[in-house]
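For the sequence shown, the numbering used here gives the first residue as 23, with consecutive numbering after it. We put the beta carbon where it would ideally sit given N, CA and C, even for glycine. Just so it is clear, the structure is predicted and the values come from calculations on it, not from any experiment.
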Amino acid sequence: MNSIWFHKVYYVFGFLFLVFVILVVTTAEVTVLLTYFHLCSEDYRWHWRSVYTAGASALYVFLYGVFFYFSRLRLASYASLVIYFGWMSIVCLLLFVLTGAIGFVASHLFIRRIYSAIKID
């Protein structure tokens, strides 16, 4: 790797990994908290709700992409518009699947943990 990076140390990959870990932890915590609130209100349909709760960050990223397109980008052609929003849709869909899976797994582990603590005599 030294010949590729010209004997320089780049910290961007470590920083990117740290941001990914923060994303995973924050997504898991928020989803578990909202799943707990739904269970306290006796709503036991937590499966898809945990996916949608965690995947809502992808909607935020897409809306920011729309805002960025209309406020900062100056693309002239229709093809640029289609390419930009096509790739933005694909990235946001993948982000939705990633964060939705993280949220579902975290909620599932939380549900199994709290229901395993119930003693039936």
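I believe residue i touches residue j by the beta-carbon criterion, under 8 Å. Please report the beta-carbon distance rounded to the nearest angstrom.
i    : j   : result
F35  : V73 : With 8 Å as the limit, F35 and V73 do not qualify as a contact, their Cβ atoms being about 29 Å apart.
A139 : T53 : About 20 Å separates the two Cβ atoms, so there is no contact after all.
A76  : T49 : 5 Å
I133 : V46 : About 19 Å separates the two Cβ atoms, so there is no contact after all.
With DSSP collapsed to three states, give me the class of residue i.
i    : result
S93  : helix
W68  : coil
I140 : coil
S99  : coil
Y106 : helix
Y58  : helix
S129 : helix
S111 : helix
Y74  : helix
Y82  : helix
Relative to the alpha-carbon of residue i, which residue among the options has its alpha-carbon at the smallest distance?
i    : options                : result
I105 : L120, G87, L131, I124  : G87
W70  : R135, S111, V119, I136 : V119
M110 : H130, F84, S102        : F84
L130 : I112, L56, L103, L97   : Note on identity: in this sequence residue 130 is His, with Leu being the wrong assignment. When only C-alpha atoms are compared, the closest one is L56.
C62  : I136, K141, I142       : I136
Quick one: what's got a C-beta closer than 6 Å to residue i's C-beta in the same chain, skipping five residues either side?
i   : result
H60 : W68
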